[in-house]
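Colleague:
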Amino acid sequence: MTSVWRFVSNALCRITGRKVAAPTVSELLVDLSEFIRLTSPAVPDPAETWLQSHKQPPPSSTPPSLAPPVCTDEASAGLVSSMTESQLENPGSTVVVSNSLNEFTTRASFDIKKCDLHGLEAGPPLKTELSRDEGLRFYRTMQVMRRMELKADQLYKQKIIRGFCHLYDGQEACAAGVEAAIDPSDHLITAYRAHGYTYTRGVSVREILAELTGRRGGVAKGKGGSMHMYAPNFYGGNGIVGAQVPLGAGIALACKYQGNNQICVTLYGDGAANQGQIFEAFNMAALWKLPCLFICENNKYGMGTSVERASASTDYYKRGHFMPGIRVDGMDVLCVREATKFAADHCRTGKGPIIMELQTYRYHGHSMSDPGVSYRTREEIQEVRSKNDPISLLKERMLSSNMASVEEFKEIDIEIRKEVEDATQFATSDSEPPLEELCNHIFSNNPPLQVRGTHPWAKLKSSS
Ligand SMILES: Cc1ncc(C[n+]2csc(CCOP(=O)(O)OP(=O)(O)O)c2C)c(N)n1
Ligand SMILES: [Mg+2]
1 MTSVWRFVSN ALCRITGRKV AAPTVSELLV DLSEFIRLTS PAVPDPAETW
51 LQSHKQPPPS STPPSLAPPV CTDEASAGLV SSMTESQLEN PGSTVVVSNS
101 LNEFTTRASF DIKKCDLHGL EAGPPLKTEL SRDEGLRFYR TMQVMRRMEL
151 KADQLYKQKI IRGFCHLYDG QEACAAGVEA AIDPSDHLIT AYRAHGYTYT
201 RGVSVREILA ELTGRRGGVA KGKGGSMHMY APNFYGGNGI VGAQVPLGAG
251 IALACKYQGN NQICVTLYGD GAANQGQIFE AFNMAALWKL PCLFICENNK
301 YGMGTSVERA SASTDYYKRG HFMPGIRVDG MDVLCVREAT KFAADHCRTG
351 KGPIIMELQT YRYHGHSMSD PGVSYRTREE IQEVRSKNDP ISLLKERMLS
401 SNMASVEEFK EIDIEIRKEV EDATQFATSD SEPPLEELCN HIFSNNPPLQ
451 VRGTHPWAKL KSSS
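Per the UniProt record's numbering, residue 1 is the first one in the sequence shown, and the count goes up by one each step.
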């Protein structure tokens with residue numbers, strides 16, 4: 001044992017340049033962490049990358065301190081290996097960092113922000129539990145969305161992606177938290193800012209990016225683009241502001257009619273919240289007690305107009321008037337998950353629809369043609385990034401409660417980078433759909449369902 005100790009200690013001295021062998025466990029650990037720091041080039045924070053691409057200095061302050069977790073379970077020791085990025089780029093190089101020794105907490109409970117309530121006596125809980133596996137899964141899901149959007153930004157600027165393109169970075173906790181609280185067999189419909197939900201509904205990064213570049217391997221065979229992606233129980237991707245809300249109520253009507261205990265999550269923005277058709281949909285959903293969870297993703301702006309300038313009341317969770325509502329911290333994935341569980345349960349138990357307002361923020365401008373800094377200050381964006389970023393919040397929580405290590409997050413980041421790079425490779429090399437496919441795959445059934453007066457394209461044959 002002593003000789004092993006001396007061997008490891010001496011090896012570390014050689015690597016880290018330390019003159020005397022580390023005599024204590026803590027000194028050895030310091031050496032080890034220094035070694036990891038020296039040999040692992042920092043994975044650039046996506047926030048920094050984005051800011052740099054926008055000629056901005058990186059945010060200076062660190063994420064806020066979080067409520068101390070109450071550990072409920074002790075973990076077994078975990079072995080975490082961390083490959084450096086240079087190793088990824090040069091598979092032949094041999095630097096592998098192993099930091100075993102971590103005793104991870106497998107489950108912890110966290111305080112979450114109280115939701116504001118409308119027409120309800122009780123709301124979601126103020127504490128929630130998180131397992132290490134769930135936490136890592138949330139981190140991964142959000143980080144994939146972030147990286148995918150940053151890649152879309154880059155491809156757009158290179159003119160490889162054309163047309164409309166609305167990015168979702170900043171809002172990742174909404175999609176990850178909602179999806180964690182519903183079942184894949186539940187239904188979901190959203191507006192044009194749809195890349196995040198397309199991913200959480202099960203579409204791969206590869207199919208999403210290939211759709212954005214208009215290639216045949218895209219999820220809509222390269223014919224839909226950014227705003228028109230679909231998957232099982234996912235109805236897009238809708239470009240007309242607010243139009244998806246009555247559709248969502250219709251899907252909820254189908255759920256009720258079929259008695260299958262499913263719900264429809266119907267998402268819209270703060271800008272859409274002022275549209276007339278939203279209130280018509282609310283009325284019918286409440287009248288018929290439809291299992292519809294209306295979610296207003298309040299990201300503070302509709303195009304270049306702030307909510308204060310656009311809305312007589314910015315209490316979007318109260319907009320249903322006769323319908324109950326909750327206002328939720330949409331930057332905290334745990335808060336979103338708990339609130340969605342509560343709201344979904346409300347719908348499923350026959351109480352009818354409910355509104356959930358998720359308070360969130362979009363980092364990018366409205367679309368790729370909007371730099372996003374003429375109607376808000378750069379400082380405002382940086383403030384949110386540095387104090388309220390959904391990914392950093394979760395990461396800090398998990399680190400401060402010993403649920404994962406820095407190296408482990410780094411390793412996940414490297415895997416994700418690779419996944420996104422591979423997807424980009426595909427999305428830029430796959431072929432475009434051939435012209436003879438232009439009129440195919442328009443209808444889901446073949447022959448198309450005849451609806452009197454609504455099929456001016458009836459002469460086109462569908463071969464879906
Ligand atoms: C019926 C209709 N009116 C106007 C537009 C133009 N438009 C596109 S997005 C948008 C703002 C919507 O903002 P919000 O609902 O807050 O969604 P966000 O972009 O913030 O996700 C507007 C006015 C449109 N697409 N459809
Ligand atoms: Mg908005």
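Heads up, the beta-carbon is just placed ideally off N, CA and C, and yes, glycines get one too.
#1: Is Q359 helix, strand or coil by DSSP?
#2: Am I right that D111 and K127 are in contact with their C-beta atoms under 8 Å? What's the rounded C-beta distance?
#3: Please identify the residue among S405, E437 and K418 whose C-alpha is closest to the C-alpha of F104.
#4: Kindly indicate the opening and closing residues of the beta strand (DSSP E) around A329.
#5: Which residues in the same chain as T428 place their Cβ atom closer than 7 Å to its Cβ, once the five residues preceding and following it in sequence are excluded?
#6: If you follow the beta strand (DSSP E) that I160 is part of, which residue opens it and which one closes it?
#7: Should Y257 be labelled buried (16 or more other beta-carbon atoms within 10 Å of its own) or exposed?
#8: Quick check on DSSP: helix, strand or coil for A210?
#9: When a residue counts only if its C-beta is closer than 5 Å to some heavy atom of ligand 1, which residues count, in chain order?
#10: Does the distance from the CB of R140 to the CB of I414 come in under 8 Å?
#11: Can you tell me whether DSSP reads N446 as helix, strand or coil?
#12: Mapping the DSSP letters down to three states, classify D186 as helix, strand or coil.
#13: Give the range of the beta strand (DSSP E) segment to which Y168 is assigned.
#14: So what does DSSP say about S306, is it helix, strand or coil?
#15: Classify N446 as buried or exposed, calling it buried when 16 or more other Cβ atoms lie within 10 Å of its own Cβ.
#16: Check this for me: beta carbons of Y230 and A243, under 8 Å apart or not?
#17: Leaving out the 5 sequence neighbours to the left and right, which residues in its chain are closer than 7 Å to F426 when beta-carbon positions are compared?
#18: What does DSSP give as the partner residue(s) for T266 in the beta ladder?
#19: In or out: K351 buried (at least 16 other Cβ within 10 Å) or exposed?
#20: Reducing DSSP to helix, strand and coil, say where K387 ends up.
#21: Since F294 and P246 should fall inside the 8 Å C-beta cutoff, what is the C-beta to C-beta distance between them, to a whole number of angstroms?
#22: Quick one: grab the DSSP three-state call for R376.
#23: Grab me the residues of N238's own chain with a C-beta within less than 6 Å of its C-beta, minus the 5 sequence neighbours each way, in chain order.
#24: In terms of residue numbering, what span does the beta strand (DSSP E) encompassing L117 cover?
#25: Within 10 Å of its beta-carbon, does E280 have 16 or more other beta-carbons around it, so buried, or fewer, so exposed?
#26: Cα separation between I381 and S392?
#27: Measuring alpha carbon to alpha carbon, tell me which of G135, L334, E129 and T349 ends up nearest L399.
#28: Candidates R147, L334 and G302: which alpha carbon is nearest Y361's?
#29: Beta carbon of M303: closer than 7 Å to some heavy atom of ligand 3?
#30: Which of helix, strand or coil does DSSP assign to Y235?
#31: Given that a residue counts as buried once 16 or more other Cβ atoms are within 10 Å of its Cβ, and exposed if not, what is H321?
#32: Between which two residues does the alpha helix (DSSP H) harbouring T424 extend?
#33: Using the Cβ count rule (16 or more neighbours within 10 Å means buried), how would you classify V333?
#34: Inspect the beta-carbon positions of M331 and N388 and report whether they are closer than 8 Å.
#35: On the DSSP letters alone, give me the boundaries of the beta strand (DSSP E) that A108 sits inside.
Modeller: To lay it out plainly:
#1: strand
#2: 6 Å
#3: S405
#4: Ala is not the amino acid found at residue 329; the sequence shown has Asp there. Residues G325 to D329.
#5: Hits under 7 Å: I160 and T213.
#6: No beta strand (DSSP E) holds I160; DSSP gives it neither H nor E.
#7: exposed
#8: A210 falls in the helix class under three-state DSSP.
#9: Here the residues close to ligand 1, judged by CB distance below 5 Å to any of its heavy atoms, are R193, I240, V241, G269, D270, G271, A272, N299, G302 and M303 in chain order.
#10: no
#11: coil
#12: coil
#13: It is not in any beta strand (DSSP E) - Y168 carries neither H nor E in the DSSP assignment.
#14: The answer is strand: DSSP assigns S306 an E or B state.
#15: exposed
#16: no
#17: R206, A210 and G217
#18: Residue pairing of T266 in beta bridges, as defined by DSSP: I189 and F294.
#19: exposed
#20: helix
#21: The Cβ separation is near 11 Å, so there is no contact.
#22: coil
#23: A191 and Q244
#24: D116 to H118
#25: exposed
#26: The alpha-carbon of I381 is positioned some 15 Å away from that of S392.
#27: Here the closest residue by C-alpha is G135.
#28: G302
#29: With respect to ligand 3, the structure offers nothing, as its ligand set consists of ligand 1 and ligand 2.
#30: coil
#31: exposed
#32: Residues V406 to S429.
#33: So V333 counts as buried.
#34: yes
#35: A108 -> beta strand (DSSP E) spans R107 to D111.
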